[in-house]
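Here's the structure, in structure tokens; my notes come after.
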Amino acid sequence: MAMADDPNTPWECEGAPPKYKKHKLYENAAGIEKCVECGRPRNYAGGGSSNGPPIPWSKVGAAAVILVLLGGIGYGISGLFKSCPTGQQKQGFSCVTVAVEPPPRPTRTPTTTPITPPTTQTIDIERYSSGENRLFVGRENPDSERGIKAFRNGQYSQAVQDFEKAVNGDRNSPEHQIYLNNAKARLAGSPFLIGAVVPIDTAASSAEEMLRGVADAQTRFNQAGGLNGRLLEVIVANDSNDPQRATEVAKRLASDPNLLGVIGHNSSDATQAGLAEYEQAGIPMISPTSTSTALSGNSFFRTLPSDAINGQKLADYAWYTLEIDNVAIFYNPNSSYSKSLETAFSQAFQQFGGRVVKTIDLSNEQLDPQREIQNLQGQVEGLVLFPNTAYISVAIALAVANNNQMKLLGGDALYNPNTLTSGSNAVEGLILAVPWFADGKYAEAAERRWLGQVNWRTAMSFDATQAMINALSEQASRSSVLQNLRNISLSNADTSGNLLQFESTGDRQGDPILVQAVKGGRNAPRGTQFSFQPIK
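Read left to right, the sequence shown gives residues 1 to 536 (the UniProt record's numbering).
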């Protein structure tokens, strides 16, 4: 049996607070040294869940039964000779209480209210907040708690003071900044209201990355005085990246007649679920992160290229520049994002003259990265990795098993520091099609504001919020914002660096950027020598 610290075995993690955030139990693939969800090292000794897979019953069950039986026998024998305390007498192996008539029990009136099951409203409060509740948990901030209490009581002037202290005490948190902006908007009166839907409890890092972009645009607008003195309020909602929950969140937001638009959702599947509700209510929605080609509608916009463009760009580079003739594609057919990327790449690559030798389901529990790579040797020249967020660790394990034998290409889900820190030398040369690269004035300003380099989710969320803000008017309504978005045109200076206009489909005009994992380069993540750099 492989030991728990054997790098060739899978391992489980659920975080190790306070150093590593608490999350749902997540199985990291063999070869992954840091948890994909929280970054906890494989053999971290400070707490958290087991580093190794559970030991099967077949190996421990019999021994456990024998130990229990022996323990019971030993307990019984010792009980046979053990004397009984006062008020009890021997009966077999046990001591039993001698029946004595108890004294009368005095009656008293209950002083506590019976506990009742939580209502739907209680659950809702934990998923929605303009400043009344803390949605990101795990980081203590007494100033934020005081600000939340003041905001909940309508004491917005006091909330501003408390949230300002909270922001200064935790510069990296966008939640405090948004609540501060909202308190100022409430003080000014008649704020414009939009929603920002992110997966707080299932992908906290992605949620914060998105909200930093929202907070940047909101802060810029409010500090400039808003529109005729009316500032912007953002209600933050948590949909857990779950389609069913996304539907519930969208219905709740749509029920507020003051809501003018929504930034979100994160995953393509959650976006598709929420979009059905926004379409019915006539609410414009701009997604900064959803690329699936299945997304379309009168209310739908996005600030990044679709999978159709990303897949074609990668296929073009694979065929014409890398001169690859044969590939294998790893994807999740149950993910709208993953499947649309696979379809777009396959169609373009085969039209060029290439051949897709095999497509492999990343969600297959029987998938063995080592065996799969061995089977593909000599058959293909390139591996194309299109995981959705849930299967990033599997894609990285495939790269580790490949060990630089075949060329690697992939989708933007892999465009994150964990790919570099977990994959290390094995991902050198990995080529991704991504919507944005951290370069230019916005990237520099955001890095100063958030005390570290921001990524494409932040940039695309900034652009989405900028578009929504620029679609506002004196008598803004859902229909007027929707119409103005169709005609929006923002210059490079008003966005994260590129012109922003929407096609009739709601897609953003423009092409993705190709980046490659290389040794060295600017701002390599801590723990690795590699970084993503644009391909010239």
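Yeah, the Cβ is synthetic: ideal placement off N, Cα and C, and Gly gets one too.
Among the options, nearest to residue i - alpha-carbon criterion
i	options	result
Ser491	Asp463, Lys251, Leu227, Leu211	Asp463
Asn403	Val384, Asp368, Gly423	Gly423
Lys441	Asp494, Tyr415, Leu414	Asp494
Lys339	Ser363, Asn172, Asn43	Ser363
Gln218	Ser129, Ser299, Asn182	Asn182
Leu187	Gln158, Gly169, Ile200	Gln158
Leu260	Phe386, Arg486, Val481, Asn487	Val481
Leu347	Thr289, Asn141, Asp316	First, the residue type needs correcting, since residue 347 is Gln and not Leu in the sequence shown. Cα-wise, what sits closest to Gln347 is Asp316.
Leu383	Leu451, Ala344, Tyr331	Tyr331
Gln516	Ser504, Gln475, Lys407, Gln501	Lys407
Val434	Ala254, Leu314, Leu420, Pro142	Leu314
Glu342	Asn228, Arg371, Ser306	Ser306
Asp269	Tyr337, Phe300, Ala281	Tyr337
Thr505	Thr465, Gln350, Met285, Phe136	Met285
Glu381	Ser335, Asp143, Glu323, Gly497	Glu323
Phe532	Gln501, Gln161, Ser287, Tyr415	Tyr415
Gly497	Ser473, Gln377, Asn487, Leu304	Leu304
Close Cβ partners of residue i (< 6 Å) along its chain, the five nearest in sequence each way excluded
i	result
Tyr179	Gly131, Phe163
Lys536	none
Thr109	Confidence at Thr109 is low in this model, with a pLDDT of 30, below 50, so its placement is unreliable and no value can be given for it.
Ile360	Phe330
Leu385	Phe330, Ala395, Gly410
Tyr20	Cys38, Arg40
Ser240	Pro199, Asp201, Thr202
Pro534	Phe437, Ile513, Val515
Phe221	Leu232, Ile469
Ala273	Pro243, Ala246, Thr247
Gln379	Val357
Lys251	Glu277
Exposure label - residue i; buried when at least 16 CB within 10 Å
i	result
Thr321	exposed
Asp507	buried
Asn375	exposed
Gly225	exposed
Asn258	exposed
Pro369	buried
residue 550	Only positions 1 to 536 of the chain appear in the structure, and residue 550 is not among them; the question remains open.
Ser477	exposed
Asp439	exposed
Arg42	buried
Leu295	buried
Leu485	buried
Gln366	exposed
Arg127	buried
Ser255	exposed
Asn172	exposed
Pro333	exposed
Gly452	exposed
Gln312	buried
Arg302	buried
Pro387	buried
Gly147	buried
Residues of its chain near residue i, where Cβ-Cβ distance is below 8 Å and the 5 sequence neighbours each way are ignored
i	result
Leu499	Ser489, Leu490, Ser491, Asn492, Gln509, Gly510
Ala211	What sits at residue 211 in the sequence shown is Leu, not Ala. Closer than 8 Å at the Cβ level, and outside the excluded window around Leu211, lie Pro174, Glu175, Ile178, Ala196, Val198, Val236, Ser461.
Val454	Glu209, Arg212, Gly213, Ala438, Ala443, Ala446, Glu447
Ser206	Val198, Pro199, Asn266, Thr289, Thr389, Arg457
Phe519	Contrary to the premise, residue 519 reads as Lys rather than Phe in this sequence. Excluding sequence neighbours, Lys519 sits near Glu428, Gln529, Phe530.
Thr86	Per-residue confidence for Thr86 stands at a pLDDT of 44, beneath the threshold of 50, marking its modelled position as unreliable; the derived number appears in the next sentence. So no residue of the chain qualifies.
Test: residue i CB closer than 8 Å to a CB of chain B
i	result
Tyr156	Protein chains in the displayed structure number just one, and chain B is not present.
Own chain, CB closer than 7 Å to residue i, minus 5 neighbours either side, in chain order
i	result
Lys22	Glu14, Gly15, Gly138
Ala308	Thr293, Ala344
Ile373	Leu398, Ala401, Asn402
Ile283	Ala254, Leu259, Gly261, Val262, Ser299, Arg478
Pro191	Ala185, Arg230, Leu231, Leu232, Glu233
Arg152	Glu132
Quick one: which unbroken alpha helix (DSSP H) runs of 4-plus residues sit fully inside the segment 356-394? Chain order, please. Fully enclosed alpha helix (DSSP H) runs of 4 or longer: 369-376.
Check whether the segment 343-359 touches the segment 323-335, counting contact only when three or more Cβ pairs, one atom from each stretch, lie closer than 8 Å. Remark: three or more beta-carbon pairs, one from each stretch, lie closer than 8 Å, so the segment 343-359 and the segment 323-335 are flagged as touching.
Count the C-beta pairs between the segment 426-433 and the segment 441-450 that are closer than 8 Å, then say yes if the count reaches three, no if not. Taking 8 Å as the limit for Cβ pairs, the verdict is that the segment 441-450 does not touch the segment 426-433.
Is the segment 461-478 touching the segment 523-534 in the sense that three or more CB pairs, one from each, lie closer than 8 Å? By the C-beta criterion, the segment 523-534 is judged not to be in contact with the segment 461-478, since fewer than 3 inter-stretch pairs fall below 8 Å.
Curious, which full-length beta strand (DSSP E) runs of at least 3 residues does the segment 148-221 contain? 192-198, all fully within the segment 148-221.
So, does the segment 268-280 touch the segment 232-247, judging by three or more C-beta pairs under 8 Å? Yes, they touch.
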